[in-house]
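K.L.:
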Amino acid sequence: MRWSPALRHLLALVAAVAALAGCDPGPETASGPRAVTFPGAAGSAQPRLTVGLDGAPVLSWLEPAADDAVALRYAVFEAGAFGPAREVARGADWFVNWADLPSVQPIAGQVWAAHWLTLAPNSAGAYHVAAAVSSDGGRTWGAPVQLNDDDTMAEHGFVELFAWDGDVAALWLDGRQLAEWSFDEPDRLLGTSLRIAELDAAGKVTAREIVDELVCDCCQPAVAMTSSGPVLAYRDRTPDEIRDIVVRRHAAGGWLPPVAAAADGWHIEGCPVNGPAIAAAGERVAVAWFTAAGGTPRVKLAWSEDGGRTFGPAVELDGAGSFGQVGVVLGQDGAAHVTWWRAAAGGGTDLVLRSVAPDGSLGEPRAVAHSRETQPVDVPQIAAAGDDLLIAWTSLEGEGTVHALLVTGAPRS
């Protein structure tokens, strides 16, 4: 199998920061996690889990292809197994990054959307967001369009696709302000902005707007749909370099001012590459995130019972030794189920799963997978599959591949 230049670059970056080794599921028991056969090829990486209209999880990933290209593929999880892998698109000019993941998202009826990142010509690091729409349930795809409406030599990525009033909505981090503006203009914000675009079922961009002019540069934003509309969670950035998690709702035709999930007060002069996760059912919203305010790593979760207008006190799920890279889903029992990486007692890292009840009571933390790598090299994915939980992540052992686990009977708090 030939690695694409982008994937070789990814492995080189990882090798510079970690000693590569295996990442294996924990021991299986009758009621424990069950390994699920991954339908992709060796060398696959960057898994992303979304959920279809019928509740079926959709796993997408990048896979090495012929002629040094990379292919975006996906498979639907049904009846305890993945269906056949289908291809969305491929290219030799794609940007591949361990934390900036492509996606495939069912939208409405037979309309699906997908996105990936393409390198700007004659640039070492600038890239743009490509998006495509399918009108036949992901079997075939229309021509891709560029979501960002600029050609600056800047980074555009960390995309979140979601359905909004039957159309496709795309949230992303946009670095054009850094490329366009000068430090000699102190009245202008010099940083990454959070932007959103809408596409119709034909794949045409119908609207674009700025949600926030200054946010953390490379922390993945997240979105959930409440009964009253979309709710965004992202790592904000102040001029004083406080980078805490905020939530914004859309109402009365616009985005309301941000509400802090918690006032951590994390001062950090650089991006921690550690975005929040959000899940919602009705007006109940759960937000999970990582912080190292005060010099101590922590994983936290906060509940809102009013669609993100207000949040209760944050619950601490983990402390020293946690790496973050969180995921969260709401179970049918109303609990939030949270995943993250943390340092393992005997060395390496554990992929941890823990549940939090709406009243804040905590279940026991459970290591569902272990890696001998000294720090995370991906963002684990979690999705509800009926009463169960589906978890996916990347292992870089050998040629590398994606692993998936089914946790049967979601652990209760």
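In this text, residue positions in the sequence shown follow the working numbering: the first is 1, and each later residue adds one.
Don't be surprised by glycine CBs; every beta carbon is placed ideally from N, CA and C.
D306: buried (16+ other C-beta within 10 angstroms of its C-beta) or exposed?
P.N.:
Exposed, by the Cβ-count rule.
K.L.:
Who are the Cβ neighbours of R90 in its own chain at under 8 Å, not counting the five residues just before and after it?
P.N.:
So the list reads A65, A69, V70, A71, L72, once near-sequence residues are dropped.
K.L.:
State the start and end residues of the unbroken beta strand (DSSP E) segment that holds R298.
P.N.:
That run of the beta strand (DSSP E) goes 298-304.
K.L.:
How far does the alpha helix (DSSP H) with R176 in it extend, from its first residue to its last?
P.N.:
Element bounds for R176: 176-180.
K.L.:
Can you find at least 3 beta carbon pairs, one from the stretch 367-374 and one from the stretch 303-321, that sit closer than 8 Å?
P.N.:
Too few Cβ pairs lie closer than 8 Å, so no.
K.L.:
Got a sec: does the ligand FAD put a non-hydrogen atom nearer than 7 Å to the Cβ of D93?
P.N.:
For the ligand FAD, the structure offers nothing, since it holds no ligand at all.
K.L.:
Could you work out which residue in V328, R309, A114 is closest to S227 when comparing CA atoms only?
P.N.:
Checked all of V328, R309, A114; the closest Cα to S227 is R309.
K.L.:
Near F82, which residues of its chain fall below 8 Å by C-beta distance, leaving aside the five closest residues on each side in sequence?
P.N.:
Excluding residues within five positions, the ones whose Cβ falls inside 8 Å are V36, T37, F38, P39, L59, A75, V76, A404.
K.L.:
Secondary structure at A293, three-state DSSP: helix, strand or coil?
P.N.:
Note: A293 maps to helix in three-state DSSP.
K.L.:
Between the alpha carbons of F311 and W303, how many angstroms are there, rounded?
P.N.:
Their Cα atoms are separated by approximately 6 Å.
K.L.:
Once DSSP output is grouped into helix, strand and coil, what is the label at L190?
P.N.:
Looking at L190 - three-state DSSP - the assignment turns out to be coil, as it is neither helix nor strand.
K.L.:
Going straight from the alpha carbon of V377 to that of C219, what length do you get?
P.N.:
Taking the straight line joining both Cα atoms gives about 15 Å.
K.L.:
From the DSSP output, in three-state form, read off W341 for me.
P.N.:
Reduced to three states, the DSSP call for W341 is strand.
K.L.:
So, helix, strand or coil for D414, using DSSP?
P.N.:
Examination of residue 414 is not possible in this model, given that the chain is present from 1 through 413 alone.
K.L.:
Between the Cα of L390 and those of R342, A280, V338, G400, spot the shortest distance and give me the residue it belongs to.
P.N.:
Cα-wise, what sits closest to L390 is V338.
K.L.:
So, V111 versus T50, is the Cβ gap smaller than 8 Å?
P.N.:
No, Cβ-Cβ distance for V111 and T50 is not below 8 Å.
K.L.:
Could you give the distance in angstroms between the alpha-carbon of D217 and the alpha-carbon of E397?
P.N.:
So the two alpha carbons sit approximately 30 Å from each other.
K.L.:
Which residues does DSSP pair with L72 in a beta bridge?
P.N.:
According to DSSP, L72 bridges with L62, A89.
K.L.:
Nearest by alpha-carbon distance to V205: which of D149, G80, E87 is it?
P.N.:
The residue with the shortest Cα to Cα distance from V205 is D149.
K.L.:
Could you check how far apart the C-beta atoms of P221 and L194 are, in whole angstroms? I think they sit under 8 Å.
P.N.:
Indeed they touch by this definition, with Cβ atoms about 6 Å apart.
K.L.:
Classify R139: buried if its beta carbon has 16 or more other beta carbons within 10 angstroms, exposed otherwise.
P.N.:
Label assigned to R139: exposed.
K.L.:
So, helix, strand or coil for T238, using DSSP?
P.N.:
If DSSP states are grouped into helix, strand and coil, T238 belongs with coil.
K.L.:
On a Cα-Cα basis, can you pick out the residue from M225, V133, G175 that is closest to V285?
P.N.:
Among M225, V133, G175, the Cα nearest to that of V285 is on M225.
K.L.:
Verify whether the separation of the beta carbon atoms of A154 and L119 is less than 8 Å.
P.N.:
Their beta carbons are not under 8 Å apart, which means A154 does not touch L119 by this criterion.
K.L.:
From this set, V402, A85, S355, which residue's C-alpha is nearest A384's C-alpha?
P.N.:
Cα-wise, what sits closest to A384 is S355.
K.L.:
In the structure shown, what three-state DSSP assignment does R139 receive?
P.N.:
Correct three-state label for R139: coil.
K.L.:
Enumerate in chain order the residues of its own chain whose CB-to-CB distance from S4 is below 8 Å, with the five nearest sequence positions on each side excluded.
P.N.:
Since pLDDT at S4 reaches only 38, below the 50 mark, its modelled position is unreliable, and no value is offered.
K.L.:
May I have the straight-line CA-CA distance separating A262 from K300, to the nearest angstrom?
P.N.:
So the alpha carbons of these two residues sit roughly 9 Å apart.
K.L.:
Going along the chain, which residues of its own chain have a beta-carbon closer than 7 Å to the beta-carbon of P257, five neighbours each way excluded?
P.N.:
Contacts found: none.
K.L.:
In the DSSP assignment, what residue or residues form a beta bridge with G229?
P.N.:
Beta-bridge pairing links G229 to T226.
K.L.:
Just to check my reading of the structure: H115 and A131 have Cβ atoms closer than 8 Å, yes? What is that Cβ distance to the nearest angstrom?
P.N.:
5 Å between Cβ atoms; contact.
K.L.:
Pull up the distance between the alpha-carbon of L199 and that of V129, whole angstroms please.
P.N.:
Roughly 13 Å separates the two Cα atoms.
K.L.:
Less than 6 Å between C-beta atoms, sequence neighbours within five positions excluded: which residues of the same chain meet that for E87?
P.N.:
Counting only Cβ-Cβ distances below 6 Å, and skipping sequence neighbours, we find A71, R73.
K.L.:
Looking at the structure shown, is L406 part of a helix, part of a strand, or coil, going by DSSP?
P.N.:
If DSSP states are grouped into helix, strand and coil, L406 belongs with the strands.
K.L.:
CA-CA distance, W340 and R237?
P.N.:
Taking the straight line from one Cα to the other gives about 23 Å.
K.L.:
Can you tell me the Cα-Cα spacing of V247 and T192, whole angstroms?
P.N.:
When rounded, the distance between both Cα atoms is 17 Å.
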